[in-house]
Every structure is written in structure tokens, then in C-alpha cells.
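Colleague:
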Amino acid sequence: MKRGNDFTVGLVVIGSIVAIVLFTLWLSQTSIGSKQRDVVARFTDVGNAKVGNSVVIRGVQAGRIQSIELEPTGWVLVKMSLDPDIKLPSNPVVVLSESSMFGEWQATIMERAAAPDDADVQQQLAQSAAVGRGSAIPGARLPDIAQLTAVAGRIAGDMSRVADRFQVAFDDRAANELRQSIRNFADLSAELERTVRSQSASLTQLGNDVHKTMGTINATALAVQHTADRVDSSTSKGQIRQIMANVGEASEDIKATSHDLRGASHTLIATQQQLSSVLTHADSVLGKIDRGQGSLGMMVNDPTLYQNGDALLSQMRELVAEIRAHPRQYLSVKIF
Amino acid sequence: MGVIEATGRWVRFRIEEAGRAGRFLEEAARALAAGRTWFPNATLQMRRLGVDSLPIGLLIAIFTGIVLALLASYSFTGAVPLYFVGTLVEKTITLELAPVLTGLALAGRVGANIAAELGTRRVTEQVDALETLAYDPDAYLVVPRVIAGTIMFPLIVGLAMIVGLGAGWLASLGFLHLSSEEFLKGARLFFGAFDIEYGLVKSASFGLAVTLIGCYKGLRARGGAEGVGNAATGAVVYSAVMILVLDAFWAMTWLHGRS
Amino acid sequence: MIKWVDVYKGFGDKKVLEGFTLDVHEGEAVVIIGYSGSGKSVAIKHVVGLLEPDRGTIEVDDKDVPTLPRKELYELRAHIGYVFQFAALFDSMTIGDNVAMGLRKRPEMSESDIQQRVSEALELVDLPDVQQRYPAELSGGMRKRVGIARAVALRPKYILYDEPTTGLDPVTSAVIDELMIRMREKLGVTSVVITHDMRSAYRVGSRIAMLYEGRVRQVGTVDEIQQSKDPIVRQFIEGRATLEGGETASAAATASAAAVTPARGGRA
Numbered sequence: 001m002k003r004g005n006d007f008t009v010g011l012v013v014i015g016s017i018v019a020i021v022l023f024t025l026w027l028s029q030t031s032i033g034s035k036q037r038d039v040v041a042r043f044t045d046v047g048n049a050k051v052g053n054s055v056v057i058r059g060v061q062a063g064r065i066q067s068i069e070l071e072p073t074g075w076v077l078v079k080m081s082l083d084p085d086i087k088l089p090s091n092p093v094v095v096l097s098e099s100s101m102f103g104e105w106q107a108t109i110m111e112r113a114a115a116p117d118d119a120d121v122q123q124q125l126a127q128s129a130a131v132g133r134g135s136a137i138p139g140a141r142l143p144d145i146a147q148l149t150a151v152a153g154r155i156a157g158d159m160s161r162v163a164d165r166f167q168v169a170f171d172d173r174a175a176n177e178l179r180q181s182i183r184n185f186a187d188l189s190a191e192l193e194r195t196v197r198s199q200s201a202s203l204t205q206l207g208n209d210v211h212k213t214m215g216t217i218n219a220t221a222l223a224v225q226h227t228a229d230r231v232d233s234s235t236s237k238g239q240i241r242q243i244m245a246n247v248g249e250a251s252e253d254i255k256a257t258s259h260d261l262r263g264a265s266h267t268l269i270a271t272q273q274q275l276s277s278v279l280t281h282a283d284s285v286l287g288k289i290d291r292g293q294g295s296l297g298m299m300v301n302d303p304t305l306y307q308n309g310d311a312l313l314s315q316m317r318e319l320v321a322e323i324r325a326h327p328r329q330y331l332s333v334k335i336f
Numbered sequence: 337m338g339v340i341e342a343t344g345r346w347v348r349f350r351i352e353e354a355g356r357a358g359r360f361l362e363e364a365a366r367a368l369a370a371g372r373t374w375f376p377n378a379t380l381q382m383r384r385l386g387v388d389s390l391p392i393g394l395l396i397a398i399f400t401g402i403v404l405a406l407l408a409s410y411s412f413t414g415a416v417p418l419y420f421v422g423t424l425v426e427k428t429i430t431l432e433l434a435p436v437l438t439g440l441a442l443a444g445r446v447g448a449n450i451a452a453e454l455g456t457r458r459v460t461e462q463v464d465a466l467e468t469l470a471y472d473p474d475a476y477l478v479v480p481r482v483i484a485g486t487i488m489f490p491l492i493v494g495l496a497m498i499v500g501l502g503a504g505w506l507a508s509l510g511f512l513h514l515s516s517e518e519f520l521k522g523a524r525l526f527f528g529a530f531d532i533e534y535g536l537v538k539s540a541s542f543g544l545a546v547t548l549i550g551c552y553k554g555l556r557a558r559g560g561a562e563g564v565g566n567a568a569t570g571a572v573v574y575s576a577v578m579i580l581v582l583d584a585f586w587a588m589t590w591l592h593g594r595s
Numbered sequence: 596m597i598k599w600v601d602v603y604k605g606f607g608d609k610k611v612l613e614g615f616t617l618d619v620h621e622g623e624a625v626v627i628i629g630y631s632g633s634g635k636s637v638a639i640k641h642v643v644g645l646l647e648p649d650r651g652t653i654e655v656d657d658k659d660v661p662t663l664p665r666k667e668l669y670e671l672r673a674h675i676g677y678v679f680q681f682a683a684l685f686d687s688m689t690i691g692d693n694v695a696m697g698l699r700k701r702p703e704m705s706e707s708d709i710q711q712r713v714s715e716a717l718e719l720v721d722l723p724d725v726q727q728r729y730p731a732e733l734s735g736g737m738r739k740r741v742g743i744a745r746a747v748a749l750r751p752k753y754i755l756y757d758e759p760t761t762g763l764d765p766v767t768s769a770v771i772d773e774l775m776i777r778m779r780e781k782l783g784v785t786s787v788v789i790t791h792d793m794r795s796a797y798r799v800g801s802r803i804a805m806l807y808e809g810r811v812r813q814v815g816t817v818d819e820i821q822q823s824k825d826p827i828v829r830q831f832i833e834g835r836a837t838l839e840g841g842e843t844a845s846a847a848a849t850a851s852a853a854a855v856t857p858a859r860g861g862r863a
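Residue numbers (my numbering), protein chains in the order written: chain A, 1 to 336; chain B, 337 to 595; chain C, 596 to 863.
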């Protein structure tokens with residue numbers, strides 16, 4: 001009776017103690033038995049990192065922070081115990097960062113070269129490495145959520161400035177100018193045709209010359225057509241002005257030449273037809289532009305639409321570039 | 337005049353009571369040295385006060401765990417990810433509910449048991465009889481119970497923590513359709529061995545208080561069955577109050593200021 | 596030798612002993628008589644240090660009990676057997692364990708010695724076959740005898756009996772009286788017996804002391820008491836409701852009865 005009682009009590013006491021200890025170890029994910037390997041890192045500042053926080057290598061939990069000590073020299077030494085079979089990178093650094101929005105931190109061990117390309121982080125790593133090579137891994141801490149939001153705010157400011165500048169560069173006036181230029185071109189073509197028609201009676205002796213000149217006109221027309229194609233895909237008003245200037249020059253040449261066309265009437269009919277077809281083609285291109293087809297046409301008729309689209313595109317590109325430049329800064333933060 | 341007199345008498349009585357309680361504590365502490373007297377009785381008391389209290393302690397833990405999981409999911413609607421159910425269950429069970437609820441249940445069971453038993457022994461002169469047989473009642477009756485309570489309370493509470501978390505886990509799987517991984521992720525998110533340590537130390541203090549109060553009330557029982565009844569009632573009431581006071585005490589001195 | 600020297604003891608406002616003085620010599624059997632609640636139990640509880648006097652002192656074998664250090668007090672208690680009014684057996688233990696209780700405190704005694712002593716003591720009270728039983732299974736008279744056996748098993752120098760025959764039938768009372776006489780004659784035990792049963796007092800006592808209003812009213816041999824001229828003593832030993840003068844004594848009796856509800860815990 002007495003002995004049975006002692007046995008029961010002993011069993012419950014020992015069983016409970018074992019159960020509680022195992023439960024604690026299991027919940028805190030401490031491995032028992034296997035020897036842990038200690039790694040020490042040196043920091044200027046450890047932010048909100050605490051004993052027991054996870055140590056992560058390539059995104060996989062590899063151990064825990066065992067102790068955090070403030071050295072008399074002002075450095076903070078963080079001792080991490082890792083699973084023994086884990087291989088460290090050849091030139092390791094430790095970066096402390098937030099692992100959730102609720103203030104939980106983690107230590108990430110990574111290759112020196114993979115450390116975030118942030119001036120502050122790089123400076124911390126360099127300072128830490130300079131103190132004692134070999135004795136401790138250099139460490140740095142990333143800004144926490146509050147600092148990150150500040151960075152995000154700065155980026156947003158930059159973007160809106162870029163968008164403003166873009167708007168200034170391509171405002172309504174620029175679009176009107178472009179539209180005006182294109183109308184001029186249409187007027188010019190019409191005038192050219194009229195001139196050719198009015199002059200047809202006196203075009204008798206200059207057949208050969210005209211024939212030669214027509215070659216030039218043909219080439220010019222081809223160039224115009226070519227240029228119109230390019231205009232269709234271009235957004236630069238400088239180029240457009242250049243094109244318009246070229247076209248103006250060409251028409252001056254044609255005007256000058258037409259005076260010599262009086263004698264070339266026998267070939268004129270064919271040439272007239274040829275010119276007419278070229279101009280028709282040019283007309284159709286201009287008509288297309290005026291109807292608002294193609295991105296240039298769109299732009300000419302409603303500049304703000306194109307502006308908005310392009311501003312958005314530009315902001316996206318800007319952000320993607322920024323993220324591509326500092327991937328850790330954005331992607332290591334697991335929100336949940 | 338009568339009021340002043342009554343107040344004065346009441347104050348004097350309270351001060352005397354405090355003095356008696358202080359002397360009782362001193363005697364109990366001194367009796368600790370008489371290991372040969374109390375040790376054989378300690379295992380018996382550990383079974384009666386501890387092992388036999390396991391079922392009620394664990395039953396409470398099961399229901400607490402289930403209720404906590406459901407409460408947590410209800411409170412978290414939408415805004416907070418559901419795996420925080422695990423965090424809430426882990427934190428509240430280990431830090432507060434397992435120690436306090438088990439403590440209160442055992443205050444009833446253990447406190448009343450001790451007070452009634454020692455009270456009966458007192459009014460039937462068994463305590464005097466012990467003394468005349470050269471036994472120190474503090475060493476023979478009080479210390480084994482206090483030791484048993486102080487050791488067994490944390491063990492029961494520790495098991496209650498395990499069972500409570502397990503119940504919360506199962507409830508999360510069954511009612512909330514949370515996966516085991518999610519629940520454990522939540523439970524482990526802010527877990528520290530300190531949670532368990534705090535809960536266990538707190539329960540040890542509860543065990544100490546409940547058994548000491550039970551013994552004090554029991555040994556001071558007077559006047560037959562009614563006296564024993566009063567002693568048992570007093571023990572339960574004072575134990576329950578003391579548990580809440582100690583709970584606040586630990587929170588203020590130990591929990592507060594830890595970040 | 597047990598000596599009460601001018602002992603005063605009160606509980607709160609109630610005064611129980613007021614200058615109680617009495618000597619008990621070796622080999623004597625002193626019977627203390629008095630009304631219920633007149634403080635007889637209180638008086639003998641001082642002898643084993645269960646209570647401490649407010650004033651005065653108690654000496655046992657020239658040792659001053661109230662000032663005795665704890666260790667010496669326990670040594671002294673080992674020589675004094677105390678038989679409680681309702682036996683005060685430990686109800687969670689068998690009769691055998693109850694009787695062995697005091698002996699287990701003595702490191703020099705082996706378990707077989709203890710067993711032998713327990714059997715002897717139980718045989719002495721004519722209860723040889725109850726060792727394995729529990730107190731609740733015994734009658735009141737048997738329990739009282741076990742209580743005596745528990746005291747006797749210690750082979751004490753003194754035995755204090757607190758109303759050993761109260762509530763028992765006359766035959767059982769006689770058996771208990773016999774037992775007390777046998778203890779004294781066979782074992783040479785000095786005893787102090789509290790009773791209000793005069794038949795028992797005359798049978799057991801070598802001297803009788805009457806406790807009245809906190810002090811000894813009269814002390815003397817059985818003959819002296821039987822021939823006492825004191826009206827209070829006469830009234831008590833004759834068991835009359837009124838004093839010889841015709842005045843009712845019930846007022847006095849009630850008053851002292853109310854005064855002493857046995858409250859304990861002086862040195863709990």
C-alpha cells in the first residue's frame with residue numbers, strides 16, 4: 001500500500017517533469033542531444049533582435065540566437081547556435097532584419113556579396129569586418145518597418161517628380177505643335193498638286209529635266225513616306241520638327257523646279273499620275289494620323305491619355321529597377 | 337464611543353491575527369528542518385493533494401483550450417491571420433489560465449481538504465495527542481502538505497498546459513479548419529521557455545499559499561463540526577483571494593518590465 | 596513530581612485558572628474533581644506544555660515546563676502519557692500504528708521491539724486482537740482503552756487521564772478504573788486523573804483535589820474529602836442540586852461552565 005503509493009507519486013512526478021521539459025523544448029524547437037555549433041557575429045546595433053530569435057540560412061531556419069552581449073568596446077556580440085551539419089558560406093556575413101510586422105526579428109547568414117546593396121548596411125559590414133577578422137562574423141542590421149516606410153515614401157516622392165517632369169516635356173502645347181505640323185504637311189501636298197496642275201499647259205520643253213527631277217521627287221516622296229512611318233512610332237517632337245523642315249525644303253525644291261517644267265509636257269501626264277498616287281498615299285497616312293489611329297494619332301488627339309499611360313509605365317519601370325537593385329530590402333520582409 | 341471601541345477591537349484582532357499567521361509561518365519554516373518527521377508523510381500528501389487532483393486539473397485544461405481557440409478565432413475575424421489562434425492559446429494557457437484556473441480549482445479541492453482534515457484533527461484533540469507523543473504538528477502535519485502542494489501544483493499545471501494547448505490545437509483542427517502547421521507556427525511565433533517558467537513558478541507560489549492557508553485555517557479550527565466547516569470555507573475563500581493577489585503580484589514584479 | 600505553582604490562565608476575557616497550586620508526588624494517583632468546564636483539562640494540559648500559563652509556573656521533575664526549550668520539552672513529553680477524553684486516536688491509522696506512534700519517535704527501538712511493546716500494551720488493556728482495525732470500528736470504551744494503551748506503551752513515568760470514564764457505562768467504567776489502578780500498582784506510574792465521577796475518584800485516587808473557581812478548593816486523601824466540611828465540596832461529592840444552606844448551586848456551576856469552553860492552542 002505504502003510502496004504502491006510512493007510508486008504512483010514517483011511516476012507522476014518524474015513523468016510530469018519529463019513531459020514539461022520535452023514540451024518546452026518541442027515548442028521552442030530546441031534540438032536535444034545533438035551538439036550545437038556556435039557562431040559569433042559582431043554588430044554596431046542589433047535593433048530589436050532577441051535571444052531565441054531564428055537564425056536563417058538561404059531562407060531555411062538553421063538555429064537560434066543564444067546570447068546577445070554588449071562588449072565594453074561598444075560592439076554587440078551575438079552568439080548563435082546552429083545545427084552542426086550546416087555549412088556556412090565561404091565569406092559569411094549576418095544581417096538582422098524583421099521577419100514579421102509584429103516586431104519579430106531574425107538573423108540571416110549570407111555570402112558577403114549577397115548582402116543588401118545599401119550604403120548603410122555596407123558601411124556597417126565594413127566597419128565590423130575591420131575590427132577583428134576571424135574572431136567574429138561581420139554583421140549589420142537592416143532598417144525595420146518604420147525605416148522601410150520612410151524609404152518607400154522617398155521613392156514615391158521621386159516618382160511623382162519624374163511624372164511631373166514628363167508632363168512638362170510633353171504637354172498640350174507640344175501636341176498642338178505636332179498636330180499643326182502635320183496639317184502643314186497636308187496643306188503642302190495639296191498646294192503641290194495644285195501647282196503641278198496649273199503649270200501643266202506650259203510644260204513642254206523640259207521633259208527630260210522633269211523626267212530627271214521626277215526621279216528626285218519620287219525619291220523625296222519615298223523619303224516622306226518613310227519618314228511618315230517613322231513619325232508614326234516616334235514620340236520625339238525634335239524629330240518631327242526635323243521631318244517637317246525636310247518636307248518644307250523638299251517643297252521649295254519642287255517649287256523651284258516647276259518653273260523649269262514648262263517644256264516637259266509630253267511626259268507630264270504620266271508623272272502627274274505618279275505624283276498623284278504618291279500624294280494619295282501620303283494623304284492616307286495623314287488621314288490615318290488625323291483619325292487617331294496608331295499611337296501617334298492617339299497622342300495627337302488626346303495627349304493626356306497617352307501621358308498617363310506612359311507615366312504609369314515609367315513609374316513601374318522605375319520601381320522594378322529599384323527592386324532589382326535592392327532585392328533583399330523588399331523581399332526579405334515576410335509580412336505574415 | 338461604541339463604534340470607536342469596535343473599530344479598535346477589530347484592528348487589534350486583525351493585528352493579532354497577522355501576528356499569529358506570522359508565527360505560524362515561522363514555526364512551519366523551522367519545522368522544515370525535521371526532515372525525518374515530514375518526509376515519510378510527504379509522498380502520501382503528494383498523492384492525495386497532487387496525483388488525485390490531476391483529473392480535475394486536466395479536465396479544466398481541456399475545456400479552457402477549446403474555448404480559447406474558438407474565442408480567438410471569433411475575435412480575429414478577418415483582420416488578423418487565423419494562425420494567431422495558436423499564439424493566443426499558447427500565451428494565455430501558459431502564462432495565465434493554466435496556473436490560475438487550476439490554482440482556483442485546487443484551492444477548492446486541496447484547501448478545503450486540508451482545512452477540514454486538520455480542523456477535525458484539531459477539534460478531536462488529535463493534534464494535541466501528536467504533541468504529547470513528542471511529534472511536532474508543524475513538521476508532521478503542515479510541512480508534508482505544504483511541500484506536496486508546492487511541488488505538485490506546478491506539475492499539475494505543467495501537464496494542464498500541455499493538455500490545454502493540445503485541446504486548443506485539436507479544436508483548431510476540428511472547428512476552425514486550421515492546419516497543424518499553421519497552429520504550431522502561431523504557437524511557436526512568440527513562445528519562449530520563460531512562458532512555462534513563469535507559469536510554473538506562479539503555480540508553485542499558489543501551491544504554497546493554498547496549502548499554508550489550509551493548514552493555518554485547519555489548525556485554528558474551534559468548536560466541533562461547525563468550526564471545521566468554517567475553517568474549510570475560510571481556507572477556500574482566502575486561498576482563492578490569495579491566488580489572485582499573487583497572480584497580480586507576479587505580473588507586476590516579474591512580467592512587468594520584461595519586454 | 597508535578598508541581599503547579601500559582602498558575603493563572605485565561606482565554607480572552609475568560610479567566611480559567613486563578614492561582615492554581617497543587618503538588619503530585621511520585622507514586623501517587625491524584626484525582627482532580629470539579630464542575631464541567633472548571634478548568635481541569637486546562638490544568639493538566641499545562642503539564643505537557645500544550646498550554647502556557649499567563650502567570651505562575653509548572654514544574655515536572657524540577658524542570659520549569661513553560662520555559663523549557665523545544666527539544667527538552669519533547670524529551671519530557673516522552674515520559675508523560677496523556678489519555679485524552681475522547682481518546683484522540685489518529686483515525687487514518689490502524690490501532691497498532693496508533694499505539695506504536697510514540698515509539699516510532701525513538702530511534703533506539705527496532706521495529707520488532709515496537710511490535711512487542713504494542714502487543715504488550717494492548718494486552719494490558721485487554722484488547723489483544725484489534726491491532727489491524729481502525730478507530731472508527733471500535734466502541735467508545737474500547738477506544739478509551741486504546742488511548743490508555745497508547746500512553747502506556749511509552750512506559751511513562753506519569754500518566755495524565757482526562758475524564759477516562761466519562762460517557763461510559765458503569766461496568767466499562769469499572770474496567771477502566773481497574774486498569775488505572777493496575778498501571779499504578781504494576782508499573783509504579785504516577786497518575787493525575789480528571790473526573791467528575793465520584794465513584795471512580797474514590798476507587799482510583801490516593802488523594803483528591805477539588806478545583807473550584809480557578810483554584811484548589813480542598814485537597815486531601817479520599818477519607819479527608821469524604822469528611823469535608825466545605826459546603827461546596829460536600830455539594831459536589833454528594834451530587835446535590837443545592838448547597839447545604841438550600842441555596843442553588845446551579846448558578847455558580849453554569850457560570851463556570853460557560854467560562855471555559857475548552858479553547859486550546861497556546862502552543863499549537
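Cβ coordinates follow ideal geometry from the N, Cα and C atoms, glycine included.
Between D618(C), V611(C), V720(C), S707(C), which lies nearest to K781(C) when the distance is taken from Cα to Cα?
Modeller: Cα-wise, what sits closest to K781(C) is V720(C).
Colleague: When the distance is taken between beta carbons, is A523(B) closer than 8 Å to E426(B)?
Modeller: Contact flag set, yes.
Colleague: What alpha helix (DSSP H) runs, 4 residues minimum, are completely inside the stretch 441-469 of chain B?
Modeller: Listed in chain order, the complete alpha helix (DSSP H) runs (minimum 4 residues) inside the stretch 441-469 of chain B are 448-459, 462-468.
Colleague: For D772(C), count neighbouring Cβ atoms within 10 angstroms of its own Cβ and tell me buried if that reaches 16, exposed if not.
Modeller: By the 10 Å Cβ count, D772(C) comes out buried.
Colleague: Suppose only complete runs of 4+ residues qualify. What are the alpha helix (DSSP H) ranges in the stretch 362-435 of chain B, listed by chain order?
Modeller: DSSP runs (the alpha helix (DSSP H)) wholly in the stretch 362-435 of chain B: 371-381, 390-411, 420-428.
Colleague: Out of Y410(B), N377(B), E353(B), A434(B), which one is the CA nearest neighbour of F613(B)?
Modeller: As shown, chain B starts at 337 and ends at 595. That puts residue 613(B) outside it, with no answer to give.
Colleague: Name the DSSP bridge partner or partners of W344(A)?
Modeller: Chain A is shown from 1 up to 336; residue 344(A) falls before or after that span and cannot be answered.
Colleague: Just to confirm my understanding: we take L663(C), look at its own chain, exclude 5 residues before and 5 after, and list those with CB closer than 8 Å. What are they?
Modeller: Answer for L663(C): G644, L671, listed in chain order.
Colleague: Answer yes or no: do L472(B) and A364(B) have a C-beta to C-beta separation smaller than 8 Å?
Modeller: The amino acid at residue 472(B) is misidentified as Leu; the sequence shows Asp. Cβ atoms of D472(B) and A364(B): not closer than 8 Å.
Colleague: Shorter than 8 Å from the beta carbon of R524(B) to some beta carbon of chain A?
Modeller: By this cut-off, R524(B) is an interface position.
Colleague: Report the three-state DSSP secondary structure of G593(B) (helix, strand or coil).
Modeller: In the structure shown, G593(B) sits in coil (DSSP, three-state: anything other than H, G, I, E or B).
Colleague: Under 8 Å, Cβ to Cβ, is there at least one residue of chain A near M382(B)?
Modeller: M382(B) counts as touching chain A.
Colleague: Could you tell me the alpha carbon to alpha carbon distance between E833(C) and H791(C), rounded to whole angstroms?
Modeller: If I take the Cα positions, the gap works out to 11 Å.
Colleague: What does a CB cutoff of less than 8 Å around L406(B) pick up in its chain, not counting 5 residues either side in sequence?
Modeller: Excluding residues within five positions, the ones whose Cβ falls inside 8 Å are A507, F511, L512.
Colleague: Could you give the DSSP three-state label for Q680(C): helix, strand or coil?
Modeller: Residue state, collapsed to three classes: coil.
Colleague: In terms of residue numbering, what span does the alpha helix (DSSP H) encompassing R810(C) cover?
Modeller: First-last for R810(C): 810-816, but that is the beta strand (DSSP E), not the alpha helix (DSSP H).
Colleague: Between the stretch 626-644 of chain C and the stretch 740-759 of chain C, do at least 3 Cβ pairs fall closer than 8 Å?
Modeller: A contact exists between the stretch 626-644 of chain C and the stretch 740-759 of chain C.
Colleague: Kindly indicate which residue of V46(A), T24(A), V21(A) has the alpha-carbon position closest to the one of Q106(A).
Modeller: Selected option, being the one with the closest Cα: V46(A).
Colleague: Specify, as a first and last residue, the run of the beta strand (DSSP E) that F831(C) falls within.
Modeller: No beta strand (DSSP E) holds F831(C); the alpha helix (DSSP H) holding it covers 826-833.
Colleague: What is the C-beta distance between I597(C) and V655(C), in whole angstroms, given that I count them as a contact (C-beta under 8 Å)?
Modeller: Right, the Cβ-Cβ distance comes to about 5 Å (below 8 Å), so this counts as a contact.
Colleague: Counting along the chain, where does the alpha helix (DSSP H) carrying K739(C) start and finish?
Modeller: It spans 735-747 - the alpha helix (DSSP H) in which K739(C) sits, taken as one unbroken run.
Colleague: Would you call L203(A) buried or exposed, if buried means 16 or more other Cβ atoms sit within 10 Å of its Cβ?
Modeller: Here L203(A) scores only 47 on pLDDT, less than 50, and its place in the model should not be relied on; the value that follows carries that caveat. Its Cβ being crowded by 16 or more others within 10 Å, L203(A) is buried.
Colleague: V78(A) by DSSP, collapsed to three states: which one?
Modeller: DSSP places V78(A) in strand when its eight states are reduced to three.
Colleague: Distance, Cα to Cα, E362(B) vs I549(B)?
Modeller: So the alpha carbons of these two residues sit roughly 14 Å apart.
Colleague: Report the neighbours of E104(A) on chain B: residues whose CB is nearer than 8 Å to its CB, in chain order.
Modeller: The answer, in chain order, is L525, F526.
Colleague: When burial is assigned at 16 or more other CB atoms within 10 Å of the CB, is P116(A) buried or exposed?
Modeller: Buried, by the Cβ-count rule.
Colleague: Using three-state DSSP, classify F615(C) as helix, strand or coil.
Modeller: Residue state, collapsed to three classes: strand.
Colleague: Spell out whether any CB of chain C is found under 8 Å from the CB atom of S508(B).
Modeller: Cβ-Cβ to chain C under 8 Å: no for S508(B).
Colleague: CB-CB under 6 Å to S54(A), same chain, minus the five flanking residues each way: which ones, in chain order?
Modeller: Cβ neighbours of S54(A) beyond the five flanking positions: Q61, Q106.
Colleague: For the 8 Å Cβ check, are there 3 or more pairs between the stretch 562-577 of chain B and the stretch 611-626 of chain C?
Modeller: Too few Cβ pairs lie closer than 8 Å, so no.
Colleague: List the residues of chain B that K700(C) touches, going by C-beta distances under 7 Å, in chain order.
Modeller: Chain B residues near K700(C): L469, A470, Y471.
Colleague: If we cut at 8 Å on Cβ distances, does G386(B) have a partner in chain A?
Modeller: Closer than 8 Å to some Cβ of chain A, the Cβ of G386(B) qualifies, so yes.
Colleague: Please list the partners that T379(B) has in chain A, where partner means a Cβ-to-Cβ separation under 7 Å.
Modeller: Going along chain A in sequence order, the residues near T379(B) (Cβ under 7 Å) are N5, D6, V9.
Colleague: Who does W26(A) pair with in a DSSP beta bridge?
Modeller: DSSP output for W26(A) lists no bridge partner at all.
Colleague: For Y807(C), tell me which candidate among I627(C), K609(C), G622(C), V619(C) has the shortest Cα-Cα distance.
Modeller: Answer by Cα proximity: I627(C).
Colleague: Can you pull the chain A residues whose beta carbon is under 8 Å from the beta carbon of I498(B), in chain order?
Modeller: Under the 8 Å cutoff, chain A gives A19, I20, F23.
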